Structure formats: structure tokens, C-alpha cells
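Here is the structure we will look at, set down as C-alpha cells.
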Amino acid sequence: MGIGMKRYDSIIIGTGAAGYNAADRLFGLGVRNIAIVTEGRFMGTSRNTGSDKQTYYKLSLCGSEGDSVRQLADTLYSGGGVNGEHALAEAAYSTRCFMRLVELGVPFPSNEFGEYAGYKTDHDPRSRATSAGPLTSKFMTEALERAVLEKGIEIIDNTRVIKILTDGSGVCGIAFVDTQTGEPGEIACTNVVLCTGGPAAIYLNSVYPESQSGGTSLAIEAGAELANMEEWQYGIASTGFRWNLSGTYQQVLPRYISVDADGNETEFLYDALGVRSLGLIFLKGYQWPFDTRRADGSSLVDLLTAEQIKKGNSVFLDYTRNPKGHERGFEVLPEEAYEYLRRSGALFGTPIERLEKMNSGAIELYASHGIDIRRERLKIAVCAQHCNGGIDVDGNWETRVKGLYAAGEAAGTFGVYRPGGSALNSTQAGSLRAAEHIARTRRKSSRRAPDYELPELRFGRSNLAELKARLREGMSRYADFDRSTEGMKDLFGRVSDVCDKFFEIAVAGSKAELAELFRVYDAYVTARTVLSAMLTSASEIGSHGSAFVDRRPNTDPDGVRRTRTVTSGALSRIVPVTPMPDPELWFETLLERQRRRASEAAGGMNGGQ
Ligand SMILES: Cc1cc2nc3c(=O)[nH]c(=O)nc-3n(C[C@H](O)[C@H](O)[C@H](O)COP(=O)(O)OP(=O)(O)OC[C@H]3O[C@@H](n4cnc5c(N)ncnc54)[C@H](O)[C@@H]3O)c2cc1C
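So for the sequence shown, the working numbering puts the first residue at 65; every next one is plus one.
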């Protein structure tokens with residue numbers, strides 16, 4: 065790879081919205097001996113995903129309703145399982161991060177006086193959400209990438225990190241393999257900002273882009289802990305081309321069809337729920353993630369869809385004809401749905417005609433991926449979309465391993481619920497917090513070159529695809545939004561066995577397949593922690609917001625969980641969340657602190673790096 069043993073102050077892993085922002089911010093704060101390492105510059109969730117209207121959650125910046133940092137922090141905290149310092153920092157950094165994206169050219173809509181209008185999203189008491197359209201996270205990534213390239217920050221592409229190297233004092237480097245040749249190597253560094261995104265490779269039913277794998281095992285093996293790994297978001301998505309079917313995709317009332325092995329078709333929602341099914345399909349538009357609290361409402365759509373799939377049937381959305389029940393007219397719809405369609409001028413025609421009227425871009429989007437929903441049905445499943453948990457970090461987004469930070473979806477700063485769009489805010493706030501801490505503390509690591517030897521690897525007829533499929537099928541069957549304790553226990557045992565003997569079991573076809581081998585390893589090690597957290601939370605707190613356990617309903621007394629699940633290795637425990645901080649807000653005191661810091665920094669300047 066020709067990198068030799070270069071030494072950097074900080075290595076950022078990942079080229080998503082979090083990774084680019086971490087690099088850009090570090091550079092701006094004077095930490096310049098840095099590089100971004102990525103397994104693929106164009107890979108990952110931020111660049112390759114979106115939805116009907118991809119949401120960015122921020123402090124309200126318009127109108128007269130009012131909002132405050134504390135109110136936003138309280139909303140984030142009330143998601144349950146959230147630490148106070150994370151809620152407060154993500155709220156306090158919201159405006160700064162959002163405005164930076166605006167300045168970088170992300171086209172968030174504003175009026176002629178510069179007010180950024182908002183709308184309401186899931187778990188949002190106000191209208192704090194905004195969007196730059198279906199591809200908000202792609203625009204963010206591209207804008208941040210431009211900023212990074214303009215600064216000449218080095219990007220080491222086609223490089224999968226396989227180990228974070230540590231010595232007694234913390235991080236001292238990384239080990240990697242070239243994704244094309246399998247050639248291994250090491251880089252020495254003092255800090256790592258791990259922005260590897262969500263653990264996307266552990267489920268069969270998944271709406272993460274195919275190009276996103278994840279790198280959570282890097283932190284686990286370096287000695288970091290994980291938080292809330294049982295907390296995920298799942299919802300209806302197309303699986304051929306992976307895309308969330310939220311918003312207008314549901315509001316235009318498509319037909320839900322199940323097809324069995326003999327080709328028999330049923331409209332299973334209507335068969336189970338009668339004309340009520342129409343209102344529930346409509347609601348899925350903005351109640352997209354599965355939620356146990358809606359198990360008797362819109363989440364019935366997820367439950368009934370998954371039931372068909374578990375029977376071995378295939379389920380499709382059909383936009384060419386109206387669903388059963390519609391023959392009695394739009395008047396059978398609940399008032400909310402009727403009014404919405406009326407105001408949108410869409411009380412007519414077939415689902416595709418309504419979609420054409422309300423959001424023609426939604427049709428073009430599939431067309432641009434070779435799928436004509438004017439004619440074709442969309443194969444769907446209830447898919448994993450986002451991990452609310454992740455690597456446990458403190459208020460500076462540092463793990464318990466010195467010099468190892470995590471930000472974006474890789475970090476575990478959310479709990480049971482989060483407002484839709486807050487994941488994108490978190491990519492920016494967390495990476496900025498990490499960059500500031502690195503710049504402020506200027507940690508020193510040992511100057512010794514890190515030393516890493518690859519485990520003994522087996523080559524022959526590759527079994528990686530089979531290993532991967534086995535894990536994903538098990539996770540989607542027993543450990544998704546509808547979980548079985550017995551199934552998870554059995555799977556945990558089998559996954560642990562594979563983890564323990566992985567390098568004896570796994571066979572790569574050639575050296576070029578080594579990156580894939582380490583991806584599969586990462587998926588197994590991460591899934592083991594997910595199962596451990598799920599089993600612990602199932603036994604200690606029963607069912608909770610985001611999932612059923614053995615069909616047990618939500619048991620939280622007021623719906624706000626005040627504990628987190630922390631996993632160390634493959635062992636989980638329940639700990640209380642930290643309270644909301646009550647920091648200094650007296651202006652004169654903060655001004656004095658600022659002066660002191662500035663003079664210390666001037667005294668301690670070491671010429672930048
Ligand atoms: C369908 C869908 C819709 C969504 N809609 C919304 C929404 O409306 N609002 C919202 O807030 N959030 C949404 N999300 C979630 C949000 O998009 C993600 O949480 C966010 O983009 C993650 O950004 P990131 O920078 O943390 O990670 P990513 O963008 O996933 O980047 C990870 C990077 O790390 C690299 N990488 C991974 N492992 C390694 C390794 N071992 N070595 C080297 N490189 C590695 C990857 O190649 C990639 O470059 C959605 C997600 C999906 C899937």
C-alpha cells in the first residue's frame with residue numbers, strides 16, 4: 065500500500081457524515097496531522113440512503129412558537145435510556161452544526177428572511193424537523209467531503225480497518241487490510257475517531273445500503289463498552305432496491321399482497337382488519353418505525369407483514385390498483401387520512417395516480433434504479449434501519465479506551481426512542497465534540513511503532529457467504545422487532561461458538577477476500593453483543609419501546625426508561641442513566657473561563673501538527 069509506518073495524530077475511520085465532519089473540524093481546530101481511512105469513499109449509509117423526505121432534526125429556527133436548548137435536550141432525554149450529557153450536548157450543538165451545513169451548501173429550505181421552517185416528525189413535540197429532500201444525508205456527505213478535499217486532508221481509500229491497536233495507555237495505531245489485494249498493514253496514531261456507522265450487516269431483512277457493513281467490533285476488541293445494543297428501529301422497506309417506504313409511499317394507500325408458494329394471492333391486511341386496514345396503511349406514512357405502543361394501531365401493519373413472511377410467503381406493495389375496502393369510497397377513511405388526501409387534491413384514481421400527483425419524485429426514484437412501480441410490485445419486508453445503541457462514549461464522545469472516540473451511528477447516544485432526524489444531528493454534534501476534546505487535550509501516545517500479526521487464516525473454498533447468511537437469517541427470525549427469548553438464547557450460543565473459533569471456521573477464497581472475511585467476523589462479534597443486550601433487557605426489564613419480547617407488551621410505567629444496557633465483551637448489565645447536567649450559565653463566569661483557556665492555549669502552543 066506504500067503507506068509504510070506513518071504516524072498520525074488522529075485517524076478518522078469512515079467517510080460518512082460523521083467521519084468527514086470529524087476530519088474537517090479537527091483540521092479547523094488546528095489538529096492537522098490527520099487522515100481518513102475508509103473501506104470505500106463512496107460506501108456507507110449517509111451517502112447511499114434516504115427516504116421519502118429524509119429528515120434532519122434541529123432546534124427550531126423559525127416562527128413564534130419558541131424553543132430552547134433545554135427543551136430540545138429534554139425531548140432527547142425523554143426517549144428513555146439516554147444519558148443527560150448526550151442529550152444536552154446534542155441539543156446545545158444543534159444550531160452550530162446545522163448552520164455549518166447550511167454554510168457548506170446543503171440546500172435546506174428557508175424563507176426570504178432566512179427562517180428555516182420545520183415540520184413534525186416521530187417522537188417530536190414541536191416542529192423541529194427539516195429536510196433537503198429525499199437525499200439529505202447524501203447532500204451532507206458531499207458538502208462535507210468538498211470541505212475536506214479543499215483542505216487537502218488525506219483520504220486513505222479501499223482500506224478496511226481490522227484492529228485498533230492499544231498499549232497500556234490507550235490507542236497507539238490501527239491495523240488494516242487493503243480491500244482489493246488483502247495486503248495487510250499498520251498505521252501509528254494517537255487518537256482514533258471511529259465513524260464506521262451502524263452494524264448494518266447482521267440482519268437479513270435490512271434497509272441499510274448494501275455497501276454499509278460497520279466496524280463496531282473494532283471498539284469491542286479494543287476494550288470499549290457498548291450501550292443499548294438492543295434498541296433498534298425497524299419498518300417497512302423494499303428489499304430489491306433497499307428503500308424506506310414511508311411518507312407518501314403509504315399515504316397513497318397501496319395494496320399489501322401476500323403470495324404463497326403456489327402463487328395464491330391475498331390482501332392479508334384487509335382479511336385481518338377489514339376496512340380499518342386503509343387507515344392504518346395511511347398512518348404508516350408518518351408512524352414508520354415499529355413501536356410496541358402502537359401494536360394495536362399502525363404497527364399491526366408490520367406485525368401482519370412479518371407474519372406472512374415467517375410463513376414463507378412473499379409480500380409486495382402494489383400501486384397499480386386500489387386496496388380492498390376502497391370500493392366503498394374514500395369516505396371509509398378516518399378523518400385525518402381523508403382530509404390529508406383532500407388537501408393534497410388526491411381523492412381520486414389509483415395509488416400510482418395519487419403518488420404521481422402528490423410526489424412524482426417517489427416514482428422517479430425507483431425508476432432510476434430500474435424499477436417501474438407504475439407496472440411492477442415492490443417486494444417488501446420489515447427491515448432493520450437504525451441502531452439506537454452503539455459504542456458507549458462519555459460527554460466528549462470518548463470511550464473508556466484513552467484516545468478512542470466514536471461518533472455518528474457507531475456511537476450509542478440514543479435509547480428506546482429518538483425523534484426522527486436526530487441521527488443526522490448526532491453525526492455532526494458527536495464528531496464535533498470528539499474533535500474539540502482531541503484538540504483541547506493533545507494526548508501523547510507511546511512513540512513505539514505498533515506491532516500486529518494477522519491471526520492464522522484459512523484459504524480454500526470460501527464459506528463466507530454461507531456464514532453470513534446463517535447469522536442474518538437467525539437474527540431476522542429471532543431477534544428483530546418481534547423477539548423470542550428461547551430463539552435468542554439458542555442463537556447467542558451458536559453465534560458465540562462461531563466467534564470463539566472464527567479463524568478456524570472461516571475460509572477465504574483468496575487474499576482478495578480478506579476484507580470480506582473481517583467484515584463477517586465483525587458481524588458475528590457485534591451480533592453477539594446485540595443478543596447479549598437483548599437477552600439481558602428481556603430478562604431484567606421485559607419488553608420495551610422498540611420491540612416485543614415473546615409478544616409481551618410495553619411494561620415501562622410512564623414509557624420513559626431510566627436505565628441503559630451496557631455490554632462489555634459479551635456480558636451485559638443494566639445501569640441507571642446519568643441525570644441531565646446543570647452546568648454554569650452565568651455569563652461573567654463563562655467569559656472568565658474563556659479568557660483563562662485562551663491564555664493557557666497561547667502559553668502551551670506547540671506549533672500545531
Ligand atoms: C433507509 C434509511 C433512512 C434513514 N433516514 C434517516 C432520516 O430521515 N433521518 C436521520 O436522522 N437518519 C436517518 N437514517 C440514519 C442515518 O442515515 C445514519 O445514522 C447516518 O447516515 C450514519 O452516518 P455515519 O457517518 O455515522 O455512518 P455511515 O454514513 O454509515 O458511514 C460509515 C463509514 O465507515 C466506513 N467503514 C465502516 N467500517 C469500516 C472499517 N472497518 N474500516 C474502514 N471503513 C469502514 C464505511 O465504508 C462508511 O464510509 C436513515 C438510515 C437508513 C438506512
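Note that the Cβ used here is the ideal one computed from N, Cα and C, for glycine as well.
These numbers come from a predicted model, not from an experiment.
Ordered along the chain, which non-local residues of its own chain (more than five positions away) have a Cβ less than 8 Å from that of residue i?
i       : result
Gly-66  : Because the pLDDT at Gly-66 is just 40, under 50, the model does not fix this residue reliably, and the value given afterwards should be weighed accordingly. Counting only Cβ-Cβ distances below 8 Å, and skipping sequence neighbours, we find nothing.
Tyr-313 : Asp-116, Gly-349, Leu-381, Leu-419 and Ala-426
Asp-88  : Leu-208, Ala-211, Val-212, Lys-215 and Ile-217
Asn-460 : Tyr-469, Arg-497, Ala-498, Glu-500 and His-501
Glu-149 : Asp-458, Gly-459, Thr-642 and Pro-645
With respect to 7 Å, is the separation between the Cβ of residue i and the closest non-hydrogen atom of ligand 1 below this value?
i       : result
Glu-295 : no
Ile-77  : yes
Gln-492 : no
Arg-89  : no
Cys-259 : yes
Glu-473 : yes
Ala-82  : yes
Tyr-298 : no
Val-271 : yes
Leu-488 : yes
Val-241 : no
Leu-581 : no
Tyr-334 : no
Asn-308 : yes
Glu-209 : no
His-187 : no
Glu-274 : no
His-450 : yes
Thr-113 : yes
Gly-633 : no
Leu-282 : yes
Thr-590 : no
Ser-201 : yes
Please say whether residue j and residue i have beta carbons closer to each other than 8 Å?
i       : j       : result
Arg-340 : Phe-380 : no
Leu-93  : Val-235 : no
Ala-448 : Ser-270 : yes
Val-465 : Thr-230 : yes
Phe-582 : Arg-319 : no
Val-589 : Ala-570 : no
Thr-119 : Thr-185 : yes
Ala-498 : Val-101 : no
Thr-369 : Ser-74  : no
Ala-155 : Leu-136 : yes
Ala-239 : Glu-250 : yes
Gly-278 : Thr-627 : no
Lys-122 : Phe-162 : yes
Asp-631 : Ser-596 : It should be noted that the sequence gives Thr, not Asp, for residue 631. Yes, these two residues count as a Cβ contact at 8 Å.
Ala-86  : Ser-110 : no
Ser-540 : Gln-297 : no
Pro-248 : Leu-518 : yes
Thinking C-alpha only, which one of the options is nearest residue i?
i       : options                               : result
Arg-306 : Tyr-402, Gly-524, Gly-434 and Thr-631 : Gly-434
Glu-218 : Ile-226, Gly-524, Gly-83 and Ala-181  : Gly-83
Leu-290 : Ala-475, Ala-445, Ser-174 and Leu-208 : Ala-475
Val-446 : Ala-498, Thr-463 and Ser-378          : Ser-378
Arg-592 : Arg-105, Ile-266 and Leu-165          : Ile-266
Gln-283 : Gly-311, Glu-403 and Glu-462          : It is Ala, not Gln, that sits at residue 283 in the sequence shown. Answer by Cα proximity: Glu-462.
Ala-151 : Phe-478, Cys-259 and Thr-113          : Phe-478
Thr-384 : Ile-345, Val-323 and Glu-417          : Glu-417
Leu-268 : Arg-190, Leu-531 and Tyr-430          : Leu-531
Gln-658 : Leu-347, Arg-504, Gly-216 and Glu-517 : Arg-504
Gly-472 : Met-69, Ser-490 and Gly-148           : Ser-490
Phe-394 : Ile-444, Ala-336 and Gln-315          : Gln-315
Leu-496 : Glu-403, Ala-252 and Cys-259          : Cys-259
Leu-572 : Ala-529, Gly-494, Ile-605 and Lys-565 : What sits at residue 572 in the sequence shown is Ala, not Leu. Comparing Cα positions, the closest option is Ala-529.
Asn-452 : Leu-488, Met-422, Asn-527 and Ser-432 : Leu-488
Arg-536 : Asp-515, Ser-526, Phe-523 and Arg-558 : Arg-558
Tell me which same chain residues have a C-beta within less than 6 Å of the C-beta of residue i, skipping the five on either side of it?
i       : result
Gly-287 : Val-465
Leu-405 : Leu-411
Gly-538 : Leu-555
Tyr-334 : Ser-341, Lys-388 and Gly-389
Tyr-183 : Ser-191 and Ala-193
Asp-366 : Phe-354 and Val-446
Glu-604 : Ile-638
Residues in the same chain with beta-carbon distance under 7 Å from residue i, minus the five sequence neighbours each way, listed in chain order, please.
i       : result
Gly-672 : Note that Gly-672 has pLDDT 39, beneath the 50 cutoff, so the model's placement of it is unreliable and no number is given.
Gly-343 : Leu-397, Pro-398 and Ala-401
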